[in-house]
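Trainee:
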Amino acid sequence: MTELTDWLYAPWPWYAAGPLIGLMVPLMLFIGNRSFGISNNLRHLCAITQPQKVDVDFFKYNWKEHTWSLMFVIGTALGGFIAGVVFANPEPIALSDGAKEMFLSWGFLLPGAMEFVPDELFHASVRNYTFLFASGVMVGFGTRYAGGCTSGHAITGLASMQLPSLYAVLGIFGGGLLASWFLVPYVLFG
Amino acid sequence: MIRYLPYLLAGVVFGIILIKAEAASWYRIQEMFHFQSFHMFGILFSAIATGFLSIQLLKHLGSRKSLDGQTIEIPAKPPGHKSYIIGGLIFGLGWGIIGLCPGPIFALAGTGSFGALVVLAGALHGTWLYGALKQHLPH
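Order-wise, the sequence lines are chains A and B. If you're matching positions, the first sequence starts at 1 in this note's numbering and goes up one per residue. If you're matching positions, the second sequence starts at 1 in this note's numbering and goes up one per residue.
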């Protein structure tokens, strides 16, 4: 019994998680001929909440046709609660030694159990919430400009061998490298 | 509403995977961008490979119907490269700072992270900004 319950709380190795994420592509096709992707929901949420007087054409469509997609992300949040709260891993994330040294050199504490994101950036403060909001703006603007995010481009797009998705993934990774090597250590926490 | 249940359940499974794989962790994303662990690359490469093999299998099986009777097909992304590269770069800059892409934003919000909701609020404003500026941007 102990082993079974341990297994429920343990994190999953890449070779279990990766193929399962990949199976989301045929699963969504099988359920209702849908392309697996998340960031379109940000557009739907804008379409739902856009006031009449604002009236941006990009958000004038029948979002109710995309209820299935909104149900998917409601499920994603529920899944986050199940895996991250109910069956939370009691151990801190097993980072590589190189990463641990890097975080310490940036002046970050190493994560404790159930810490997915650092207090240094997510702890409630005007400074932190400004960074989080501004980065969120870039995520929302960029994903819609590129027409997809990690799921729609890196996974669905590359798995179906679409050239536009390769461009998007190169852009995404380039942006991520710039942020992670320069913005985070030198601008935000320099 | 019952017809949406499969999507809700698929979403629950996806959220569980993202958290159990630690893909919704800022630490894991920084570690990935610094090539300090194979973990995230293993997830992405094996996910793409599994998706690719699944699609090839579906094609091999011939025309198949989805549960609700539609013929399964994957829509082609509009051709071009500017919007994909520039949009990707902007998204990547945000992702590299906060370590959360759209799927993990929702999964982390489900764990009760208020910070994830601040990111989501920003992402909605960014999406709106794109919609408002769309016709002035190179595509």
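A virtual CB, placed ideally from N, CA and C, is assigned to each residue, including glycine.
Considering only their Cβ atoms, is the gap separating residue 137 of chain A from residue 51 of chain B smaller than 7 angstroms?
Mentor: No.
Trainee: For residue 108 of chain A, which residues of its own chain have a beta-carbon under 7 angstroms away from its beta-carbon, when the five flanking residues on both sides are left out?
Mentor: Within the same chain, residue 108 of chain A has close Cβ partners 118, 120.
Trainee: Starting from residue 63 of chain A, find everything on chain B with Cβ-Cβ shorter than 8 angstroms and list it in chain order.
Mentor: None at all; the shortest Cβ gap to chain B is about 13 angstroms.
Trainee: Return the Cβ separation of residue 84 of chain B and residue 146 of chain A in integer angstroms, given the expectation that the two are a contact with Cβ distance under 8 angstroms.
Mentor: Correct: roughly 5 angstroms between the Cβ atoms.
Trainee: Using beta-carbon positions only, say whether residue 71 of chain B and residue 84 of chain A come within less than 7 angstroms of one another.
Mentor: Their beta carbons are not under 7 angstroms apart, which means residue 71 of chain B does not touch residue 84 of chain A by this criterion.
Trainee: Can you tell which of A:161, A:189, A:40 has its C-alpha closest to the C-alpha of residue 76 of chain B?
Mentor: Nearest option by C-alpha distance: A:161.
Trainee: Could you tell me whether the segment 30 to 40 of chain A touches the segment 28 to 40 of chain B, where touching means 3 or more Cβ pairs closer than 8 angstroms?
Mentor: At 8 angstroms Cβ cutoff, the stretches do not touch.
Trainee: Pull up the CB-CB distance for residue 21 of chain A and residue 47 of chain B, whole angstroms please, since I reckon it's below 8 angstroms.
Mentor: Their Cβ separation, rounded to whole angstroms, is 4 angstroms, which keeps residue 21 of chain A and residue 47 of chain B in contact under 8 angstroms.
Trainee: Starting from residue 2 of chain B, find everything on chain A with Cβ-Cβ shorter than 9 angstroms and list it in chain order.
Mentor: The contacting residues do not exist; residue 2 of chain B stays about 11 angstroms from chain A at best.
Trainee: Under the assumption that residue 98 of chain B contacts residue 135 of chain A (Cβ atoms under 8 angstroms), give the Cβ distance between them as a whole number of angstroms.
Mentor: Their Cβ separation, rounded to whole angstroms, is 4 angstroms, which keeps residue 98 of chain B and residue 135 of chain A in contact under 8 angstroms.
Trainee: Hey, would you say residue 149 of chain A sits closer than 7 angstroms to residue 35 of chain A, going by beta carbons?
Mentor: For residue 149 of chain A and residue 35 of chain A, no; Cβs fall outside 7 angstroms.
Trainee: Chain B partners of residue 4 of chain A, CB-CB under 7 angstroms?
Mentor: Correct list: empty, because the minimum Cβ distance to chain B is about 16 angstroms.
Trainee: From residue 101 of chain A to residue 62 of chain A, what does the alpha carbon distance come to, in whole angstroms?
Mentor: Approximately 50 angstroms between the Cα atoms of the pair.
Trainee: Flag residue 59 of chain B as yes if its beta-carbon sits less than 7 angstroms from any beta-carbon of chain A, otherwise no.
Mentor: No, because no Cβ of chain A sits closer than 7 angstroms to the Cβ of residue 59 of chain B.
Trainee: DSSP puts residue 65 of chain B in a beta bridge; with which residues?
Mentor: In DSSP, residue 65 of chain B forms a bridge with B:71.
Trainee: With respect to the alpha helix (DSSP H) encompassing residue 102 of chain A, which residues constitute its N-terminal and C-terminal limits?
Mentor: Element bounds for residue 102 of chain A: 97 to 105.
Trainee: Quick one, which of B:133, B:24, B:64 has its alpha-carbon nearest residue 105 of chain B's?
Mentor: If we check each option's Cα against that of residue 105 of chain B, B:24 comes out closest.
Trainee: For a quick check, are the C-beta atoms of residue 141 of chain A and residue 17 of chain B less than 7 angstroms apart?
Mentor: It is not a contact, given that the beta carbons lie outside the stated cut-off.
Trainee: Against chain B, which members of the segment 7 to 19 of chain A pass a CB distance test of less than 9 angstroms?
Mentor: Those would be 10, 11, 12, 13, 14, 15, 16, 17, 18, 19, in chain order.
Trainee: Is there a Cβ of chain A sitting closer than 7 angstroms to that of residue 125 of chain B, yes or no?
Mentor: Yes, contact with chain A.
Trainee: If you draw a straight line from the C-alpha of residue 80 of chain A to the C-alpha of residue 13 of chain A, how long is it?
Mentor: Approximately 17 angstroms between the Cα atoms of the pair.
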